[in-house]
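Read in order, the letters of the sequence shown correspond to residues 1273 to 1602 in the working numbering. We put the CB at the ideal spot given by N, CA and C, even for glycine. Given the structure is predicted, the values throughout are model-derived calculations rather than measurements.
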Amino acid sequence: MHKKVVIIGSGPAGLTAALYAARANLEPLVIRGLQPGGLIATTSEVENYPGFPESVGGYELAELMEKQAGRFGTEFLDAIVNDIDLTQRPFTLTTDSGQTVTGDTLIISTGASPRKLDVPGENELANRGVSYCATCDGFFFRDKRVVVVGGGNSALDEGLFLTRYVSELVVVHRRDQLRADPILQERAFENPKVRFVWNAAVSEVLGDERVTGVRIKHLKTGEETVLETDGVFPYIGHVPNTSLFKGHIHLDESGYILTDGRTRTNVPGVFAAGDVVDYIYRQAITAAGEGCMAAMEATWYLAEQEHAAKKSQAASPHPEEETTPALGQW
Ligand code: NAP
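So this is what it looks like as structure tokens:
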């Protein structure tokens, strides 16, 4: 399959890029990836996406974005890209089913994944009490006790969502001040089901068949205690999904894709948008804005390439094959 614009990732950045590229008649392809709809689709309620005064479910928002992009001719592929070649245009992508897709331009919007606690028991008890998605799994914790780890917006937003089901919610945070927005802090402090354990870290997730508790280390005293719980929801930030691109495009030391402020990576024709680039704002609306920028940049880039090809064709009937500059030339 060949496309003028190939987009990897289907969160707000990818779907907005698709909408703009589709409306530019570029018939883009979106490769949905591991998390269709992106992280926003795993978010319970989105209260700060403009245009939804009564808030909108994260999954519903992603669905609406996909529908809008589809209306203008975006094609979707349910696949995971596991190999890329960016040394030559068109760029080549190979999917997990062995399918080859080529693209004149590539927009990377693979987002970020929840950061793990990296403690014993976390992996072993994943999906058996350890969950990174309150929206998906909250229902299974009806009348149960759960621990949320972290002090940011995700921890409180998703924690508050969990209080619809659980009997008790304990927020374990490594400091004694929350990073979350004041409005969420207020709601959490007022909620009788929520209590906080400050200056503490989860050092182990306990349980055999299912989670039965967590070992907590109190960071000021070094004291360790066991807190009985039925579930653990770590919300301690994210890591960018860029392992596929290592060695192919420039990344920073934390693995985020480096762009020039106009979504352009060091490889001409490859653009990046959303949480895979942005470690500061990380909002659905900023990701959508960057997706729009990337699609506009791709559109201009294609127009320039077309113009250059016409000129070189006029000068010589056999133009040389184009190669992208080696990594490090940017
Ligand atoms: P975040 O804002 O980076 O917060 C991560 C939290 O986890 C912080 O409280 C941090 O502690 C803690 N933490 C980090 N590493 C840790 C570790 N190794 N062990 C224990 N705790 C650790 O991440 P987020 O909450 O996932 O939010 C990501 C972005 O999405 C933010 O920009 C946020 O505003 C946005 N968001 C917005 C909403 C909303 O507007 N309703 C909802 C969800 C997310 P420290 O505070 O000590 O650093």
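For G1422, the shortest separation between its Cβ and any heavy atom of ligand 1 lies below 7 Å.
Not one heavy atom of ligand 1 is found less than 7 Å from the C-beta of H1490. Taken through DSSP and simplified to helix, strand or coil, V1548 comes out as helix. Contact holds between the segment 1342-1354 and the segment 1292-1305, because three or more Cβ pairs, one in each stretch, are under 8 Å apart.
Annotation: L1428 to G1393 spans about 23 Å, alpha carbon to alpha carbon. Residue pairing by DSSP leaves K1492 without any beta bridge partner. Sequence-distant Cβ neighbours of R1447 in its own chain, meaning closer than 8 Å and more than five residues away, are G1423, W1470, N1471. In this structure, A1473 is the residue among A1473, G1509, G1479 with its C-alpha nearest to the C-alpha of T1493.
Between T1382 and N1538, the C-beta gap is not smaller than 8 Å, which leaves the two residues out of contact. Each residue's CA atom was taken as its position, placing G1329 and K1583 some 50 Å apart. T1571 and Q1360 have their C-alpha atoms some 19 Å from each other. If you draw a straight line from the Cα of S1316 to the Cα of A1406, it is about 7 Å long.
In the three-state DSSP reduction, A1473 falls in the strand class (E or B). With a cutoff of 8 Å on beta-carbon distance, A1544 and I1529 are scored as near each other.
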